[in-house]
Amino acid sequence: MLVLGIDPGTAITGYGIVRSEGQSLSHVTYGVITTSGDWPLPLRLQHLYRELRTLIGKHNPTEAAVEQLFFARNVRTALSVGHARGVILLAVADAGLSSHTYTPLQVKKAITGYGRAGKEQMQQMVRLLLRLESLPQPDDAADALAVAICHAHSASIAARLSNAEPVAGK
23 MLVLGIDPGT AITGYGIVRS EGQSLSHVTY GVITTSGDWP LPLRLQHLYR ELRTLIGKHN
83 PTEAAVEQLF FARNVRTALS VGHARGVILL AVADAGLSSH TYTPLQVKKA ITGYGRAGKE
143 QMQQMVRLLL RLESLPQPDD AADALAVAIC HAHSASIAAR LSNAEPVAGK
């Protein structure tokens, strides 16, 4: 399975592609898509859409996982990230990929076992799980890799459960 993880934003959107084969994880690529604050919102969203479609076309992921907005300090930020998430989900759907969403709490718990883990702890675990030489940077890309790993773990567990034999007498 090839999972595209996305950490949405209008200024900076992180992405990370992770290959999951059995219990083995490896990274394919990661980075960020940036837009200028000087651009009008429709142009920023269009740029995000086009860059995501190019990324999807180049790497052909089989599934996508997008971090869900859990809270925002202000309404303007929430609306802005909401617009970006909408465009991201559209790009993923247009590419024919199934999309899955995870809260930051779910991602942190899947990566570190603790839902309140800090950025540094998350980056260290992503580095260890993907056997990277250094911490993934910037934070948005590291977060996107974490979202992809979270989905890879979740999908692996779901697949094992669907193949499990029912317990006799239950």
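Going by our numbering, the sequence shown opens with residue 23, and the numbers climb by one from there.
Where is the CB? At the ideal position from N, CA and C, for every residue including glycine.
Cβ neighbour criterion (16 or more within 10 Å) applied to SER7: Here the chain comprises residues numbered 23 to 192, so residue 7 is not present and cannot be evaluated.
The stretch 123-132 contacting the stretch 47-64, beta-carbon criterion three pairs below 8 Å: no
Cutoff 7 Å; reference LEU77; Cβ partners in own chain excluding five residues on either side: TYR37
Beta-carbon gap between ALA115 and CYS172 smaller than 8 Å: no
Bridge partners - GLY27, DSSP secondary structure assignment: GLY38 and ALA87
Span separating the alpha-carbon of GLN90 from that of GLU43: 25 Å
Same chain only: Cβ atoms within 8 Å of THR32, ignoring 5 sequence neighbours per side: Cβ neighbours of THR32 beyond the five flanking positions: THR57, LEU63, ARG66, LEU67, LEU70, SER102, VAL103, HIS105 and ALA106.
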